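Residue numbering for the sequence shown is 13 to 85, as defined by my numbering.
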Amino acid sequence: MRTSELQIAISEEFGALGSVLMTDLTLGSLGGRTGTEALAAGVPARHVWSAICDAKDVPAERRHGRGLREPQR
């Protein structure tokens, strides 16, 4: 997962709240960092996405494939 895909996934799942979650929600599984801090520290975007989904109880069926762009035809 690329950072741009993470941003799309966060927006699709959480709407306007997504940017707040990235900057304000501290995630124990990421060492008490926010999503933004974790990305800056080199944590892969996929791990940040999983940590936020875990913290917000996002069902498994809504976690996979989020943020992927539609294939060009």
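Ideal Cβ placement from N, Cα and C applies to all residues, glycine included.
This one's a predicted model, so the numbers in the text were calculated from it and none came from an experiment.
Compare the beta carbon distance of residue 52 and residue 59 with 9 Å and say whether it is the shorter of the two.
Along the sequence shown, one-based indexing puts residue 52 at 40. Along the sequence shown, one-based indexing puts residue 59 at 47. Not a contact, by the Cβ cut-off of 9 Å.
In its own chain, which residues sit with a C-beta less than 8 Å from the C-beta of residue 9, not counting the 5 before and 5 after it?
For the chain, the structure presents residues 13 to 85; residue 9 sits outside this window and is missing.
Using a Cβ-Cβ cutoff of less than 7 Å, which residues in the same chain neighbour residue 30 once the five nearest sequence positions on both sides are dropped?
Looking up residue 30 in the sequence shown gives position 18. Closer than 7 Å at Cβ, skipping near neighbours: 22 and 23.
So what's residue 39 in DSSP terms, helix, strand or just coil?
If you number the sequence shown from 1, residue 39 lands on position 27. In the structure shown, residue 39 sits in a strand (DSSP, three-state: E or B).
What distance in whole Å lies between the Cβ atoms of residue 41 and residue 63, which are believed to be in contact at a cut-off of 8 Å?
On the sequence shown, residue 63 is found 51 positions in, with the first residue counted as 1. On the sequence shown, residue 41 is found 29 positions in, with the first residue counted as 1. The pair is a contact, with the Cβ atoms about 5 Å apart (cut-off 8 Å).
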